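K.L.:
Take a look at this one; I'll ask things after.
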Amino acid sequence: MDTIAVIDFETTGLSPAHGERATEIAAVLVREGRIVDRYQSLMNAGRRIPPFIEALTGISTAMVRQAPPAEQVMAEVADFVGTVPLVAHNAGFDSRFWDAELSRIGRQRCQSFVCSMLVARRVMPEAASYKLGSLVAIAGLPSAARAHRALADAEMAAHLTLYLERELQRRFGLATVTYELLERIQKVPKRGLQRCVERYGSSCTGGQAEG
């Protein structure tokens, strides 16, 4: 697969539509089966951190008050990611904050998101839970000492994405797994995985997905 950027936000709440803001972001670049670069920063959006969010993440109002302005951080991380395709676990959440925070600095997303949770639902249908930590444990992947911090979660999601790619290669005999294939997989019903991969493979040279 070509380079992808796996991102994760910590925020003051569930939705920017309700006035919530980002408090931390991380992005890890993945290439040729490994993490090759990282970006992480707290970000000051001028908001107090609710007590339940501080208990969950360990991020306090005092910490974000000392952080760079949110506008500066988003400009930096947008430049870091560039036009690389994006991945996030529960991407519906992260994509909303990515778009909302970018719009505040006059930028617009130019690439799509793949959701590692949706892909996992197709590739790991036996999982009892699709929370990031649960999937990492099931797959025996490196786990963070503390979840719900942006870099730790982004790295775990990156390892999970690489695991899902390996599982697809093993199960279907693929030489490689492309971002386009992951995009297709996340949209099909669980029982449609095999047909999706076979149809995609038949459209590629030699009958296999090529990156």
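The sequence shown maps to residues 901 to 1111 in this note's numbering. Glycine included, each C-beta is placed from N, C-alpha and C at the ideal position. Computed from a predicted structure; not experimentally measured.
1. Could you tell me which residues DSSP pairs with Ile935 in its beta bridges?
2. Under the DSSP definition of a beta bridge, which residues are partnered with Val987?
3. I'd like to check one pair, Ile925 with Val977: are the Cβ atoms closer than 7 Å?
4. With distance defined between alpha-carbon atoms, name the residue in Phe997, Cys1096 and Glu1083 nearest to Phe1072.
5. Quick test of your reading: Ile949 and Ile959, contact by CB under 8 Å. State the CB separation rounded to the nearest angstrom.
6. Please say whether Tyr939 and Ala927 have beta carbons closer to each other than 7 Å?
7. Rounded to whole angstroms, what's the CA-CA distance from Val1098 to Arg1021? Just pull it up for me.
8. Rounded to whole angstroms, what's the CA-CA distance from Thr1005 to Ala975? Just pull it up for me.
9. What number of angstroms, rounded off, separates the C-alpha of Leu942 from the C-alpha of Pro968?
10. Are there 16 or more other CB atoms within 10 angstroms of the CB of Ala931, so buried, or fewer, so exposed?
11. Please determine, among Arg1091, Gln1086 and Thr1078, the residue with the shortest C-alpha to C-alpha distance to Ser1103.
12. Locate the alpha helix (DSSP H) running through His1059, then write down its first and last residues.
13. Cα separation between Asn990 and Phe909?
14. Excluding the 5 residues flanking Tyr1030 on each side, which residues of the same chain have their C-beta closer than 7 Å to its C-beta?
15. Answer with buried or exposed for Thr983, where buried requires no fewer than 16 other C-beta atoms within 10 angstroms of its C-beta.
16. Going along the chain, which residues of its own chain have a beta-carbon closer than 8 Å to the beta-carbon of Ala1057, five neighbours each way excluded?
17. Note down, in chain order, each residue of its chain lying with its Cβ closer than 7 Å to the Cβ of Ala1050, except the 5 sequence neighbours on either side.
18. What did DSSP end up calling Ala922 once you bin it into helix, strand or coil?
19. Could you tell me if Gln1086 is buried or exposed, where buried requires 16 or more neighbouring beta carbons within 10 angstroms of its beta carbon?
P.N.:
Let me spell this out:
1. Taking the sequence shown and counting its residues from 1, the one referred to as residue 935 is at position 35. The partner list for Ile935 (beta bridge, DSSP) reads Val930.
2. Position 87 of the sequence shown holds residue 987. The partner list for Val987 (beta bridge, DSSP) reads Val906 and Val1014.
3. The residue you call residue 977 lines up with position 77 of the sequence shown. The residue you call residue 925 lines up with position 25 of the sequence shown. Yes. Within cutoff.
4. For the purposes of this step, residue 1072 is identified with residue 172 of the sequence shown, where counting begins at 1. Checking every option, the nearest Cα to that of Phe1072 belongs to Cys1096.
5. As a working mapping, residue 949 is identified with position 49 in the sequence shown. As a working mapping, residue 959 is identified with position 59 in the sequence shown. With 8 Å as the limit, Ile949 and Ile959 qualify as a contact, their Cβ atoms being about 6 Å apart.
6. Taking the sequence shown and counting its residues from 1, one reaches residue 927 at position 27. Taking the sequence shown and counting its residues from 1, one reaches residue 939 at position 39. Their beta carbons are under 7 Å apart, which means Ala927 touches Tyr939 by this criterion.
7. In the sequence shown, residue 1098 corresponds to position 198, counting from 1. In the sequence shown, residue 1021 corresponds to position 121, counting from 1. Residue identity check: residue 1098 is Glu in the sequence provided, not Val. Cα to Cα, Glu1098 sits roughly 18 Å from Arg1021.
8. Residue numbering aside, residue 1005 sits at position 105 when the sequence shown is read from its first letter. Residue numbering aside, residue 975 sits at position 75 when the sequence shown is read from its first letter. For the record, residue 1005 in the displayed sequence is Ile; it is not Thr. Computed Cα separation, rounded: 7 Å.
9. As a position in the sequence shown, residue 942 is number 42, starting the count at 1. As a position in the sequence shown, residue 968 is number 68, starting the count at 1. Spanning the two alpha carbons is a distance of roughly 7 Å.
10. Within the sequence shown, the letter at position 31 stands for residue 931. The residue asked about is misnamed: residue 931 is Arg in this sequence, not Ala. Under this definition Arg931 is an exposed residue.
11. By one-based count along the sequence shown, residue 1103 stands at place 203. It is Thr1078 whose Cα lies nearest to the Cα of Ser1103.
12. The residue labelled residue 1059 in the question sits at position 159 within the sequence shown. Ala1050 to Phe1072 is the extent of the alpha helix (DSSP H) around His1059.
13. One-based indexing of the sequence shown puts residue 990 at position 90. One-based indexing of the sequence shown puts residue 909 at position 9. If I take the Cα positions, the gap works out to 11 Å.
14. Numbered from 1 along the sequence shown, position 130 holds the residue referred to as residue 1030. Excluding positions up to five away in sequence, the list reads Met1017, Ala1020 and Arg1021.
15. Sequence index remark: in the sequence shown, residue 983 carries index 83 (1-based). Exposed, because fewer than 16 other Cβ atoms sit within 10 Å of the Cβ of Thr983.
16. For the purposes of this step, residue 1057 is identified with residue 157 of the sequence shown, where counting begins at 1. Counting only Cβ-Cβ distances below 8 Å, and skipping sequence neighbours, we find Val906, Asp908, Val987, Ala988, His989, Ser1016 and Leu1032.
17. Here residue 1050 refers to the residue found at position 150 when the sequence shown is read from its first residue. Closer than 7 Å at Cβ, skipping near neighbours: Asp908, Phe909, Glu910, Glu924, Ile925, Ala926 and Gln940.
18. By 1-based counting over the sequence shown, the position of residue 922 is 22. It is a strand residue.
19. Position 186 of the sequence shown, counted from the first residue, corresponds to residue 1086. Per the 10 Å Cβ criterion, buried.
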